[in-house]
Amino acid sequence: MSIRAAQTPDLGPLARLWWQGWRDAHLPLVPKALANRRTLDSFIVRMALALPHVRAVGPVGAPLGFHLIKENELNQLYVEEESRGAGIAALLMADAEDRLLEAGVKTPWLACAIGNTRAARFYQKAGWVLTRTETIPTEIPGGWYPLKIWRYEKRLSARPWTWLEIEQLGPRLSPAEPGGQAEDRRAHLFRAPRTIM
Ligand SMILES: CC(C)(COP(=O)(O)OP(=O)(O)OC[C@H]1O[C@@H](n2cnc3c(N)ncnc32)[C@H](O)[C@@H]1OP(=O)(O)O)[C@@H](O)C(=O)NCCC(=O)NCCS
Numbered sequence: 040m041s042i043r044a045a046q047t048p049d050l051g052p053l054a055r056l057w058w059q060g061w062r063d064a065h066l067p068l069v070p071k072a073l074a075n076r077r078t079l080d081s082f083i084v085r086m087a088l089a090l091p092h093v094r095a096v097g098p099v100g101a102p103l104g105f106h107l108i109k110e111n112e113l114n115q116l117y118v119e120e121e122s123r124g125a126g127i128a129a130l131l132m133a134d135a136e137d138r139l140l141e142a143g144v145k146t147p148w149l150a151c152a153i154g155n156t157r158a159a160r161f162y163q164k165a166g167w168v169l170t171r172t173e174t175i176p177t178e179i180p181g182g183w184y185p186l187k188i189w190r191y192e193k194r195l196s197a198r199p200w201t202w203l204e205i206e207q208l209g210p211r212l213s214p215a216e217p218g219g220q221a222e223d224r225r226a227h228l229f230r231a232p233r234t235i236m
């Protein structure tokens, strides 16, 4: 399982994954005025614009997760519901940090909806620190919506993630017995075009 550039056949599935994940995590947390604007169509439009900068995991046309970086911000990180808790988010995070470092970003930031405790726990495990609560403009069709968020930052180290660190975040992806499924996945990662360890 490698992290790869998103491709055209991913567009629809990624937009749906994003829409569904957004609803899972945010629907009970954000103002109704914002939720009403987060239609599936709005995610298709946003994903179409973002696609050249999106990195995905899983088969082309059937992605399991993705991340999107915008300048010094880890703008989105999503894993589809059935694949959560399996370590895929850790692989995406390692790849995202690697990309940020490659772009010269030493202290990236991300916005987490206030109360999105699962995501917050994941960021904390990955070494991100809650720096403050702030109001930021979030993208909506035709404009921006001011949303209060938890701002996380991380001072990145030029040292790439070790397998131990990835395993600690996603134990089910750790290499197991020789020839086992986990070993296959790890071998695939080694072949991946990006360094994520
Ligand atoms: C955020 C996300 C990418 C993290 O990936 P994941 O596979 O769920 O991450 P992990 O399972 O490795 O870590 C989640 C942690 O939160 C914990 N957790 C699960 N549900 C929780 C809850 N309701 N409240 C608090 N913690 C929770 C898990 O137990 C785990 O912690 P642990 O390893 O200490 O047990 C994924 O959950 C997701 O896509 N969520 C929906 C979209 C989203 O919120 N994206 C982030 C936008 S800011």
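Counting in the working numbering, the sequence shown tops out at residue 236, every number present. Note that beta-carbon positions come from the ideal geometry of N, C-alpha and C, so glycine has one too.
query: Status (buried if at least 16 other CB within 10 Å, exposed otherwise) for residue 96; result: buried
query: Identity of the residues DSSP links to residue 185 by a beta bridge; result: 176
query: Euclidean distance between Cα positions of residue 177 and residue 185; result: 6 angstroms
query: Distance CB(residue 149)-CB(residue 191) smaller than 8 angstroms; result: yes
query: Run of the alpha helix (DSSP H) containing residue 65, from where it starts to where it stops; result: 50 to 65
query: Alpha helix (DSSP H) segment containing residue 74, residue limits; result: 71 to 74
query: Cut-off 6 angstroms between Cβ atoms - residues of its own chain near residue 145, not counting five sequence neighbours on either side; result: 195
query: Per-residue DSSP class, three states only, for residue 202; result: helix
query: Rounded C-alpha distance that separates residue 86 from residue 156; result: 25 angstroms
query: Contact under 8 angstroms by Cβ, residue 94 with residue 43; result: yes
query: Residue ranges of each alpha helix (DSSP H) within the region 75 to 123, 4 or longer; result: 79 to 89
query: Euclidean distance between Cα positions of residue 126 and residue 108; result: 20 angstroms
query: Inter-residue spacing [alpha-carbon to alpha-carbon] between residue 77 and residue 204; result: 35 angstroms
query: Candidates 170, 173, 47 and 70, of which the one nearest residue 102 by Cα; result: 47
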